Amino acid sequence: MQPTPMTRIHRRLSFTTRLVIFAIAGQCLLGDLQAALQREGDNVVLTDKPRCRFAWPEWDYTNISNPLLLTKNTLDRSIIGIMRIRAGDTLPRGKTKITATMSTQQISALLRENVLGRGQRIDSLTADNTTISGAPAVRLRFTEPASPARRRAVEYGFVKGGYFFYLLFSAVDDPDYVNVLKDFQRIVSTFKVLD
Numbered sequence: 015m016q017p018t019p020m021t022r023i024h025r026r027l028s029f030t031t032r033l034v035i036f037a038i039a040g041q042c043l044l045g046d047l048q049a050a051l052q053r054e055g056d057n058v059v060l061t062d063k064p065r066c067r068f069a070w071p072e073w074d075y076t077n078i079s080n081p082l083l084l085t086k087n088t089l090d091r092s093i094i095g096i097m098r099i100r101a102g103d104t105l106p107r108g109k110t111k112i113t114a115t116m117s118t119q120q121i122s123a124l125l126r127e128n129v130l131g132r133g134q135r136i137d138s139l140t141a142d143n144t145t146i147s148g149a150p151a152v153r154l155r156f157t158e159p160a161s162p163a164r165r166r167a168v169e170y171g172f173v174k175g176g177y178f179f180y181l182l183f184s185a186v187d188d189p190d191y192v193n194v195l196k197d198f199q200r201i202v203s204t205f206k207v208l209d
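Residues 15 to 209, numbered by our numbering, are exactly what the sequence shown covers, in order.
1) Secondary structure at lysine 196, three-state DSSP: helix, strand or coil?
2) Does the Cβ-Cβ distance between threonine 118 and valine 152 come in under 7 Å?
3) Quick one: is leucine 43 buried, meaning 16 or more other Cβ sit within 10 Å of its Cβ, or exposed?
4) Specify the secondary structure class of arginine 65 as computed by DSSP and reduced to three states.
5) If you measure between the beta carbons of tryptophan 73 and threonine 61, is that distance less than 7 Å?
6) Taking a contact to mean a Cβ-Cβ separation below 7 Å, would you say aspartate 103 touches isoleucine 93 in this structure?
7) Can you round the beta-carbon distance between phenylalanine 172 and proline 150 to whole angstroms, since I take them to be within the 8 Å contact cut?
8) Does DSSP put serine 138 in a helix, in a strand, or in coil?
9) Below 6 Å CB to CB, which residues in the same chain sit around serine 184 once its five sequence neighbours on both sides are set aside?
10) In three-state DSSP terms, what is arginine 91?
11) Is it buried or exposed for aspartate 197, if we count other Cβ within 10 angstroms and need 16 for buried?
12) What are the start and end residues of the beta strand (DSSP E) that includes leucine 51?
13) Take the Cβ of valine 202 as the centre, count every other Cβ of all protein chains shown within 10 Å, and call the residue buried at 16 or more, exposed below.
14) Output the distance between the C-alpha atoms of arginine 211 and glutamine 199, rounded to the nearest integer angstrom.
15) Starting from the Cα of leucine 182, find the closest Cα among Cys66, Arg91, Ile96, Thr204 and give me that residue.
16) Express the C-alpha separation of valine 186 and valine 192 in angstroms, rounding to a whole number.
Following this line, the structure appears as structure tokens:
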């Protein structure tokens, strides 16, 4: 059976309509993703809830939702991650549920559980208390002597507004380590939870 002129138009419109719908959907998605990370001078704001602001280190990013992943060069050399985890959930490698009223001792145990749950060899694991965004926080420092290169890591955790904020940094222990660590410390020192 020969297609009629109307059938041909319908096929073209149908294909064109689908193409336009995909283009609009893609643009909307791209717009939403870009809207999730907004520059404000030297700072950046994560606009999805809970919103937070921190100094922008001029690193590339591989993801701009939750978690936000930043890298200065490649993910196998250095990485900064920012996760916002709702109370009642767990850290990626953890088993303990996060509560909105965790003490620094509980946060320290939670971070240790998560690090040790990765199944990698960990050396020099230390924890100390600090403050981030006006909330009591824990800083965990450790080294990963795995091959091909030794890595050094720093992780922070604190609870505010019913969320656990998990800031992590890991980089190859090479001559550039001090510079990339300074970038992470700048993020931590300027990190503010907005709501």
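Glycine included, C-beta positions come from ideal geometry on N, C-alpha and C.
The structure presented is a predicted model; accordingly, all values stated were derived computationally and were not measured.
Quick look at the numbers:
1) Translated into the one-based positions of the sequence shown, residue 196 becomes position 182. Three-state DSSP puts lysine 196 in a helix.
2) Translated into positions along the sequence shown, residue 118 becomes position 104. Translated into positions along the sequence shown, residue 152 becomes position 138. Contact flag set, yes.
3) Residue mapping note: residue 43 aligns to position 29 of the sequence shown, counting from 1. A caution first: leucine 43 carries a pLDDT of 37, below 50, which makes its placement in the model unreliable, though a value can still be read off. Around the Cβ of leucine 43, a 10 Å sphere holds fewer than 16 other Cβ atoms; the residue is exposed.
4) Here residue 65 corresponds to residue number 51 of the sequence shown, with the count starting at 1. Three-state DSSP puts arginine 65 in coil, outside helix and strand.
5) Mapped onto the sequence shown, residue 73 falls at position 59. Mapped onto the sequence shown, residue 61 falls at position 47. No, they are not a contact pair.
6) Against the sequence shown, residue 103 aligns to sequence position 89. Against the sequence shown, residue 93 aligns to sequence position 79. No; because the gap between Cβ atoms is not below 7 Å, this pair is not in contact.
7) Counting from 1 along the sequence shown, the entry for residue 172 is found at position 158. Counting from 1 along the sequence shown, the entry for residue 150 is found at position 136. The Cβ separation is near 7 Å, so the contact holds.
8) Start at 1 with the first residue of the sequence shown, and residue 138 comes out as number 124. In the structure shown, serine 138 adopts extended strand secondary structure according to DSSP, grouped into three states.
9) Here residue 184 corresponds to residue number 170 of the sequence shown, with the count starting at 1. Leaving aside the five residues that flank serine 184 on each side, the residues in its chain whose CB is nearer than 6 Å to its CB run, in chain order, Ile93, Arg165, Ala167.
10) The residue given as residue 91 occupies position 77 in the sequence shown. Secondary structure at arginine 91: coil, using DSSP grouped into helix, strand and coil.
11) Reading the sequence shown from its first residue, position 183 is the one you call residue 197. Burial call: buried.
12) Position 37 of the sequence shown, counted from the first residue, corresponds to residue 51. Leucine 51 -> beta strand (DSSP E) spans 51-54.
13) The sequence position of residue 202 within the sequence shown is 188, counting from 1. Label assigned to valine 202: buried.
14) The first residue shown for the chain is 15 and the last is 209, placing residue 211 beyond what the model contains.
15) Counting from one through the sequence shown, the residue named residue 182 turns up at place 168. When only C-alpha atoms are compared, the closest one is Ile96.
16) Reading the sequence shown from its first residue, position 178 is the one you call residue 192. Reading the sequence shown from its first residue, position 172 is the one you call residue 186. Those two C-alpha atoms are separated by around 10 Å.
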